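Engineer:
Residue numbers (our numbering): 258 to 588.
1) Taking residue 492 as the reference, which of 310, 345 and 373 has the closest Cα?
2) From the DSSP output, read off the bridge partner residues of residue 438.
3) Give me the Cα-Cα distance between residue 306 and residue 422, rounded to the nearest whole angstrom.
4) Measuring CB to CB, does residue 581 end up less than 9 Å from residue 414?
5) Quick one: using the 10 Å Cβ neighbour count with 16 as the cut-off for buried, is residue 509 buried or exposed?
6) Going by the CB atoms, is the gap between residue 456 and residue 462 shorter than 9 Å?
7) What are the partner residues of residue 526, as DSSP defines its beta bridges?
8) Within 10 angstroms of its Cβ, does residue 309 collect 16 or more other Cβ (buried), or is it exposed?
9) By alpha-carbon positions, which one of 526, 416, 431 and 426 ends up nearest to residue 454?
10) Taking Cβ to Cβ, would you say residue 545 is nearer than 9 Å to residue 277?
11) Between the beta-carbon of residue 353 and the beta-carbon of residue 490, is there less than 9 Å?
12) So, are the CB atoms of residue 583 and residue 416 less than 9 Å apart?
13) Span of the beta strand (DSSP E) holding residue 548?
14) At the level of alpha carbons, what is the spacing between residue 471 and residue 551?
15) Check this for me: beta carbons of residue 446 and residue 562, under 9 Å apart or not?
16) Can you give me the start and stop residues for the beta strand (DSSP E) that residue 263 sits inside?
17) Check residue 539 in the structure and name its three-state DSSP category.
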């Protein structure tokens with residue numbers, strides 16, 4: 258496990274170097290929703306991870322991302338799983354402590370798409386996706402540079418400082434056999450999540466404790482939560498930029514509950530960092546440094562709602578997530 262944890266740390270360091278090289282070349286960071294004009298379908302759902310491939314010594318894979326016309330939602334044939342980029346696996350995207358990460362692409366279900374353990378931060382905010390550049394749900398999240406829609410930001414937007422702000426963290430990959438586990442499954446419940454059209458900082462928003470207090474039996478979701486209320490979306494597709502697949506929030510502490518409003522892939526999502534390392538999860542700051550986030554990290558008052566500006570109400574972990582809160586991250 259010590260060796261696996263070190264490899265996981267090295268994966269995050271490589272992703273940090275890739276982020277900086279991307280910024281040097283494009284003068285911005287990748288959004289977590291990127292437009293690729295080659296598609297005839299699903300051309301505005303490509304993740305930040307996909308955009309980093311060229312800076313991870315995967316130029317040919319990046320070229321495929323930019324030119325393939327096969328939609329992300331297409332179910333693969335036996336030939337597709339060997340030839341289409343969406344079903345390919347990359348070791349840099351997978352933590353060796355997660356046994357499900359290397360199950361391989363064998364067909365429909367758990368192992369259909371290429372997977373990832375590494376998520377970009379949505380800050381101290383619960384995010385949702387819309388491809389529409391107008392309307393009530395259009396990107397109200399001002400706490401991250403990894404927009405869940407078509408917007409791009411640079412390092413200059415991180416006024417809290419690169420060494421004080423979390424860029425990425427790890428999360429256990431969703432799988433149907435373990436979906437009742439807190440680290441793996443996502444509780445789908447409209448009663449504990451802000452609606453997709455609402456701002457989670459407004460009076461209609463839900464407090465994170467609503468998700469945190471979901472019924473539990475030890476490390477599993479409680480029997481009060483039926484299997485039909487659990488999803489396994491986390492990390493199932495490295496190429497998809499929807500929050501449920503490739504984002505996490507710095508609100509609830511690592512290895513605690515994750516919640517989603519509906520079964521829709523675009524739905525509002527509160528995903529926590531998680532790992533199979535003992536006691537917490539690895540995270541990477543925007544300066545490229547990697548540190549271990551303990552399950553005991555301060556999250557202050559989970560009865561508070563998200564804020565769109567100013568200091569985070571969610572303690573040190575929330576302060577690490579916000580890009581512009583001007584908080585202290587000292588204990």
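Heads up, the beta-carbon is just placed ideally off N, CA and C, and yes, glycines get one too. Note that the coordinates shown come from a computational prediction; the quantities given were computed from them, not determined experimentally.
Structural biologist: Inspection of the coordinates gives the following:
1) 373
2) 477
3) 18 Å
4) yes
5) buried
6) yes
7) 384 and 517
8) buried
9) 526
10) yes
11) no
12) yes
13) 547–551
14) 21 Å
15) no
16) Note, residue 263: premise wrong, no beta strand (DSSP E); alpha helix (DSSP H) at 259–283.
17) strand
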